[in-house]
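Peer 1: Okay, handing you the structure first.
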Amino acid sequence: MASTAGSSGPNNTFRLVVVGSGGVGKSALTLQWVQQYFVSDYDPTIEDSYTKQCFLDDSVCRIEVLDTAGQDEFSTMREQYLRTGDGFLLVFSITNRESLDYVRKLHRHIDRLRDRDDFPMILVGNKCDLEDERQISPEELQRVAAELHVPQLECSAKYRKNVDKAFHDLALLVKKFKAADRATTGAHDEIPDGKKKRKNCRIQ
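Under this note's numbering, the first residue of the sequence shown carries the number 10, and numbering increases by one thereafter.
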């Protein structure tokens, strides 16, 4: 995904939120994608946002990325960004089993808040360069992703492995999700008191 100086309209502006427990490398992933450098030490209390313009399916998109604070559960902004984000990177560390449990809880919480079971999310196992410290196998990651019905991939912020792919794939999911919603707004309006569910917005 290359940066460009083009303009983008409101339908091509996507707000991606990077969530997960502290120390899993959320900021490292975000800064590696936005600014293309690796940061090993980062203030876990900082919550910051970045904007990047790039091509997605041959059109210019404006990507807003919210890098959430390490202690998400104590952030007063937590419910707001979970309610207003267009898509979520659920980041855990393959070296920390508790961090995987945490993002599974986040996934359930987002489903409840957004009242949908197909909201754009990708499960990201970061720190795959630390193979000797691995606690989550690739096979387990695949099983968990299948249970949650979300795409998955392993990343290394340090070596930039799959970093571009993670953000690109999530932005693509959001784009398809928004397009499907716009196409079916009328049909949704005719469905009283029911969840708006679509099953065709996944990356193949």
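Every residue gets a Cβ at the ideal spot worked out from N, C-alpha and C, and that includes glycine.
#1: Return the CA-CA distance between leucine 139 and cysteine 63, expressed in angstroms with no decimal places.
#2: Where does glutamine 151 sit, in a helix, a strand or coil, going by DSSP?
#3: Which two residues bound the contiguous alpha helix (DSSP H) that contains serine 108?
#4: Looking at the strands, I want to know which residues DSSP matches up with arginine 71.
#5: Please classify tyrosine 46: is it buried, with 16 or more other beta-carbons within 10 angstroms of its beta-carbon, or exposed?
#6: Suppose you measure from the CA of valine 112 to the CA of phenylalanine 97; what does that come to, to the nearest Å?
#7: Is the CB-CB distance between valine 74 and tyrosine 90 below 7 Å?
#8: Counting along the chain, where does the alpha helix (DSSP H) carrying valine 48 start and finish?
#9: Per DSSP, which one or two residues make a beta bridge with lysine 170?
#10: When DSSP builds the beta bridges, which residues end up paired with glycine 31?
#11: From which residue to which residue does the alpha helix (DSSP H) around leucine 91 run?
#12: Rounded to whole angstroms, how far is the Cβ of glycine 32 from the Cβ of phenylalanine 101, which I believe are closer than 8 Å?
#13: Within 10 angstroms of the Cβ of glutamate 163, are there 16 or more other Cβ atoms? Answer buried if so, exposed if not.
#14: Classify asparagine 21: buried if its beta carbon has 16 or more other beta carbons within 10 angstroms, exposed otherwise.
#15: Using only CA atoms, which one of His158, Asn135, Glu156 lies nearest to serine 165?
#16: What are the boundary residues of the beta strand (DSSP E) that includes isoleucine 103?
#17: Whole angstroms are fine: how far does the CA of leucine 150 sit from the CA of glutamate 156?
#18: Assign histidine 158 to buried or exposed, taking buried as 16 or more other Cβ atoms, counted over all protein chains shown, within 10 Å of its Cβ.
Peer 2: Reading it off the structure:
#1: 30 Å
#2: helix
#3: 106 to 123
#4: For arginine 71, which the question treats as bridged, DSSP gives the partners Thr22, Gln62.
#5: exposed
#6: Taking the straight line from one Cα to the other gives about 11 Å.
#7: no
#8: That residue, valine 48, is in no alpha helix (DSSP H); it is neither H nor E in DSSP.
#9: Ser165
#10: Bridge partners of glycine 31: none, in fact.
#11: Here the alpha helix (DSSP H) through leucine 91 covers 87 to 93.
#12: About 10 Å; that fails the 8 Å criterion.
#13: So glutamate 163 ends up on the buried side.
#14: Buried, by the Cβ-count rule.
#15: With distances taken between Cα atoms, serine 165 lies closest to Asn135.
#16: Run containing isoleucine 103: none; DSSP gives neither H nor E here.
#17: Their backbone Cα atoms lie some 10 Å apart in a straight line.
#18: exposed
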